[in-house]
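Chemist:
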């Protein structure tokens, strides 16, 4: 079930329940109050009528007693009153004895001349009972005799003889039993009425007075109220539904958006940047947190991209101490860095071993030529000296041997000057430069500022410095068209600096041929932990500044 | 006529034999011993053998010619060493001369030069051929070691500083890197016990360095 439906159901059922309960309570309360009010009013009306009727009867009775002279003419014609009744002095309900059954409350007084009878005029009673002030549309007060027949005119049957109407209702029965009371029950019409009743007993008179009003009339406002309450409830429910719809939209839309975002992120894309309505602080905070999450993920993604490109100097700050992703990325970077450093180290070591092997082999060859073939050649010369008799041949042979010896000496020196071992790189370069100078027109000057016997340049560094110089001179001679070459080798306490200058045509570092020896030179600098600065542009003088560190801990 | 008694110290047998054979033609020179390395030579030297000259190779196994020269100097040996070597570089020659060699011959020296050297040395003089001498002097000339407070280079740098040149200008004029000049300058300041250039110029002028 979606969150929207859930919220709708919960909120609306709650509101509906509350409104219903309130309406019912209100309705009940109202109807109870109305009941009480109606019954109270009916009671007061009934009491008033009762008192008026009683007063009427009493005053008529008194008149009767005082006057004692009554015209009895129509009495005789209309009534057939039994003697048993006539013999009883007092007030009687004489209706049953009337020919027309007209309501007749009569007084009987026995005198010497027989009984005197007087009938209260019906219109007087009628006037009292039909006075309906405060009785609304359906209210009435009426009298009922002990024979359950109506004694006063019914409001609803104005043309009917009241005596013909039977009123055997709950109230009448109860009142005839001598009780006062009130209640809601069916009246003589079979219509529900509010009713207040009490017996009216004077002398022999046995009557019941009732004041009644139709339930329908009384409950008309209640019905109206019920209708209004219903409309109100409906209105509230509609408003509630609309409000809750709005509310659920407010809540569920960001949730939906969040879900959408998270789905996209789960697919690995952290770059989408939809703008959302943020209609409350919490939702704003939630989206801010999402943006933060995206940011940090993007940062991690960028960082891992950098790592992927082997750009290992890039940095990353973990978002918190719990940033496992960031931490493991950093760990990965460190491992890679270590790996690269190790690889670099081993590459340098490999290069060094390679170059060292090369130098070793050259040295061996050089020694072989110098110390192996050289002495043989000198021996050969001695042999010629000793054993060749012919002076011409002797000189010729000696010349050949001498030039061979010179050649061998040159080759040996070119391969590896033994003077590096014996006198250091300074002296060796001095010799080398001198030998070059003799064979070229270019002016080459080498200044040896090493510390000679106190020099701390290692043999390894010496060989490399010599090779680098050799390479540089070679390059200058071959490519630079230089007229002057100046080389200075300066040794200090903590470093040795080889400075090389030529005034040739220069070269572009980027386009320098791979075979030009620059790579070779750089490799040699690298394996000696040195630095190299090359200043060269086309058409300008060229300088190389090479520095090797000198270790003093030995 | 006095006979010059000779020892040959060389690790090549063929060379020793050839040399001995060559010298055997000369009556005034007698090769009395041939050794193949420095240690062997030192052994016979210590046995108080009577000899005048040793023809000494530099490149030998176990103990090379330089060490032998050093040892002989230490022992104040009366045997006069003539170095006979394949090396024709000035530094070798100079070192040998410094170490007490009476002569320096290249191995492909002619018989005449060889005998001339032996005879001159046996008379007590030293023998360095014109070619050898030139190489030695050439080498020594660039090796001139200053005994002054400052090295030659440092004096040169100081001079340029006092002329008001910048480090860069001095570096390009002297064909060295800027860092080299900076180091030189630092060393000069240190040696003259001053803290800055102004003080340096003052002090240098005072002690007549510039």
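Residue numbers (this note's numbering), protein chains in the order written: chain A, 1 to 554; chain B, 1001 to 1210. Built from N, CA and C at the ideal position, the CB exists for glycine as well.
For residue 316 of chain A and chain B, any beta-carbon pair shorter than 7 Å?
Modeler: One-based indexing of the first chain puts residue 316 of chain A at position 316. No, no contact with chain B.
Chemist: At a Cβ cut of 7 Å, what residues of the segment 370 to 393 of chain A count as close to chain B, listed as they run along the chain?
Modeler: Of all residues in the segment 370 to 393 of chain A, 370, 371, 374, 375, 376, 378, 379, 381, 382, 383, 385, 386 have a Cβ within less than 7 Å of some Cβ in chain B.
Chemist: Please name the residue, chosen from A:336, A:63, A:480, A:486, that lies closest to residue 429 of chain A on a Cα-to-Cα basis.
Modeler: On the first chain, position 429 is the one that residue 429 of chain A refers to. Comparing Cα positions, the closest option is A:486.
Chemist: What does the alpha-carbon distance come out to for the pair residue 412 of chain A and residue 1163 of chain B?
Modeler: For the purposes of this step, residue 412 of chain A is identified with residue 412 of the first chain, where counting begins at 1. For the purposes of this step, residue 1163 of chain B is identified with residue 163 of the second chain, where counting begins at 1. Their Cα atoms are separated by approximately 46 Å.
Chemist: In chain order, what residues of the same chain have a beta carbon less than 8 Å from the beta carbon of residue 442 of chain A, not counting five sequence neighbours either side?
Modeler: Taking the first chain and counting its residues from 1, one reaches residue 442 of chain A at position 442. Excluding sequence neighbours, residue 442 of chain A sits near 476, 477, 482, 483, 484, 485.
Chemist: So is residue 1037 of chain B in contact with chain A if we call contact Cβ pairs under 7 Å?
Modeler: Stepping through the second chain from its first residue, residue 1037 of chain B is reached at position 37. For residue 1037 of chain B, the answer is no, since every Cβ of chain A falls outside 7 Å of its Cβ.
Chemist: Can you tell which of A:142, A:65, A:182 has its C-alpha closest to the C-alpha of residue 556 of chain A?
Modeler: Residue 556 of chain A falls outside the range modelled here, since chain A spans only 1 to 554, and no answer is possible.
Chemist: Give the range of the alpha helix (DSSP H) segment to which residue 296 of chain A is assigned.
Modeler: In the first chain, residue 296 of chain A corresponds to position 296, counting from 1. Residue 296 of chain A -> alpha helix (DSSP H) spans 281 to 308.
Chemist: Checking contacts by CB at 7 Å: is residue 466 of chain A closer than that to chain B?
Modeler: Along the first chain, read from residue 1 onward, the residue named residue 466 of chain A stands at position 466. Not closer than 7 Å to any Cβ of chain B, the Cβ of residue 466 of chain A fails to qualify, so no.
Chemist: Among all the DSSP beta bridges, which residues are the ones paired with residue 453 of chain A?
Modeler: As a working mapping, residue 453 of chain A is identified with position 453 in the first chain. None, per the DSSP bridge assignment.
Chemist: Unbroken beta strand (DSSP E) runs of length 3 or more, entirely within the segment 46 to 111 of chain A: which are they?
Modeler: The qualifying runs are 90 to 93, 105 to 111.
Chemist: Kindly say whether residue 427 of chain A, judged by its beta-carbon, lies nearer than 7 Å to any beta-carbon of chain B.
Modeler: Residue 427 of chain A sits at position 427 when you count from the first residue of the first chain. Closer than 7 Å to some Cβ of chain B, the Cβ of residue 427 of chain A qualifies, so yes.
Chemist: Within 10 angstroms of the Cβ of residue 1173 of chain B, are there 16 or more other Cβ atoms? Answer buried if so, exposed if not.
Modeler: Position 173 of the second chain, counted from the first residue, corresponds to residue 1173 of chain B. By the neighbour-count rule (16 or more Cβ atoms within 10 Å), residue 1173 of chain B is not buried but exposed.
Chemist: In its own chain, which residues sit with a C-beta less than 7 Å from the C-beta of residue 559 of chain A, not counting the 5 before and 5 after it?
Modeler: This structure does not reach residue 559 of chain A, given that chain A is present from 1 up to 554, and the question cannot be answered.
Chemist: Between the segment 441 to 461 of chain A and chain B, which residues of the former have CB atoms less than 9 Å from a CB of the latter, in chain order?
Modeler: From the segment 441 to 461 of chain A, only 445, 446, 447, 448, 449, 452 have a Cβ closer than 9 Å to chain B.
Chemist: Is there a Cβ from chain A that is less than 7 Å from the Cβ of residue 1199 of chain B?
Modeler: For this step, residue 1199 of chain B is matched to residue 199 along the second chain. Output row for residue 1199 of chain B: interface = no.
Chemist: Going along chain A in order, which residues have a C-beta closer than 7 Å to the C-beta of residue 1120 of chain B?
Modeler: Taking the second chain and counting its residues from 1, the one referred to as residue 1120 of chain B is at position 120. Per Cβ cutoff of 7 Å: no residues; residue 1120 of chain B is ~20 Å from chain A at best.
Chemist: Under three-state DSSP, which class holds residue 211 of chain A?
Modeler: The count along the first chain starts at 1 and reaches residue 211 of chain A at position 211. Three-state result, residue 211 of chain A: strand.
Chemist: At a Cβ threshold of 7 Å, is residue 1041 of chain B touching chain A?
Modeler: To locate residue 1041 of chain B, count along the second chain from 1; it is residue 41. No, residue 1041 of chain B does not count as interfacial toward chain A.
Chemist: So for residue 165 of chain A, helix, strand or coil by DSSP?
Modeler: Numbered from its first residue, the first chain carries residue 165 of chain A at position 165. Coil at residue 165 of chain A, not helix or strand.
Chemist: When you compare the segment 11 to 18 of chain A with the segment 166 to 183 of chain A, are there three or more beta-carbon pairs, one atom per stretch, that lie closer than 8 Å?
Modeler: The segment 11 to 18 of chain A is not in contact with the segment 166 to 183 of chain A.
Chemist: What does residue 490 of chain A reach in chain B if we use C-beta pairs closer than 7 Å?
Modeler: Your numbering for residue 490 of chain A matches position 490 in the first chain. Residues of chain B passing the Cβ test: 1176, 1180.
Chemist: Which of the three DSSP states is assigned to residue 271 of chain A in this structure?
Modeler: Taking the first residue of the first chain as position 1, residue 271 of chain A is located at position 271. Reduced to three states, the DSSP call for residue 271 of chain A is coil.
Chemist: Check residue 371 of chain A in the structure and name its three-state DSSP category.
Modeler: By one-based count along the first chain, residue 371 of chain A stands at place 371. The answer is helix: DSSP assigns residue 371 of chain A an H, G or I state.
Chemist: Drop a sphere of 10 angstroms on the beta-carbon of residue 357 of chain A, count the other beta-carbons inside from all chains shown, and report buried for 16 or more, exposed for fewer.
Modeler: What you label residue 357 of chain A is simply residue 357 of the first chain in a count that begins at 1. Residue 357 of chain A should be labelled exposed.
Chemist: Is it the case that the Cβ atoms of residue 4 of chain A and residue 248 of chain A are separated by a distance below 7 Å?
Modeler: As a first step, residue 4 of chain A must be located in the first chain, where it is residue number 4. As a first step, residue 248 of chain A must be located in the first chain, where it is residue number 248. Cβ atoms of residue 4 of chain A and residue 248 of chain A: closer than 7 Å.
Chemist: Just how far apart, CA to CA, sit residue 254 of chain A and residue 324 of chain A?
Modeler: Numbered from 1 along the first chain, position 254 holds the residue referred to as residue 254 of chain A. Numbered from 1 along the first chain, position 324 holds the residue referred to as residue 324 of chain A. Cα to Cα, the separation comes out at about 28 Å.
Chemist: Count Cβ pairs between the segment 466 to 474 of chain A and the segment 520 to 532 of chain A that sit closer than 8 Å; are there 3 or more?
Modeler: Short answer: they touch.
Chemist: If you measure from the beta carbon of residue 1091 of chain B to each beta carbon in chain A, is any gap under 7 Å?
Modeler: To locate residue 1091 of chain B, count along the second chain from 1; it is residue 91. Yes, contact with chain A.
Chemist: Hey, which unbroken runs of the alpha helix (DSSP H) at 4 residues or more fall wholly within the segment 1017 to 1047 of chain B?
Modeler: For the segment 1017 to 1047 of chain B, whole alpha helix (DSSP H) runs of length 4 or above, ordered along the chain, are 1038 to 1046.
Chemist: Going by the DSSP bridge assignment, what does residue 488 of chain A pair with across the sheet?
Modeler: What you label residue 488 of chain A is simply residue 488 of the first chain in a count that begins at 1. Answer by DSSP bridge pairing, in chain order: A:447, A:499.
Chemist: Is it the case that the Cβ atoms of residue 1086 of chain B and residue 1107 of chain B are separated by a distance below 7 Å?
Modeler: In the second chain, counting from the first residue as 1, residue 1086 of chain B sits at position 86. In the second chain, counting from the first residue as 1, residue 1107 of chain B sits at position 107. Yes.
Chemist: Roughly how many angstroms separate the alpha carbons of residue 244 of chain A and residue 236 of chain A, rounded to a whole number?
Modeler: For the purposes of this step, residue 244 of chain A is identified with residue 244 of the first chain, where counting begins at 1. For the purposes of this step, residue 236 of chain A is identified with residue 236 of the first chain, where counting begins at 1. If you take the alpha carbons of residue 244 of chain A and residue 236 of chain A, they lie about 12 Å apart.
Chemist: With a threshold of 7 Å between beta-carbons, can residue 431 of chain A be considered close to chain B, or not?
Modeler: The residue labelled residue 431 of chain A in the question sits at position 431 within the first chain. Chain B contact via Cβ: present.
Chemist: What are the residues that DSSP puts in a beta bridge with residue 1103 of chain B?
Modeler: The sequence position of residue 1103 of chain B within the second chain is 103, counting from 1. Note: residue 1103 of chain B sits in a beta bridge opposite B:1082, B:1127.
Chemist: Are three or more beta carbon pairs between the segment 1004 to 1018 of chain B and the segment 497 to 511 of chain A nearer than 8 Å?
Modeler: In short, these stretches do not touch, since the Cβ pair count stays below three.
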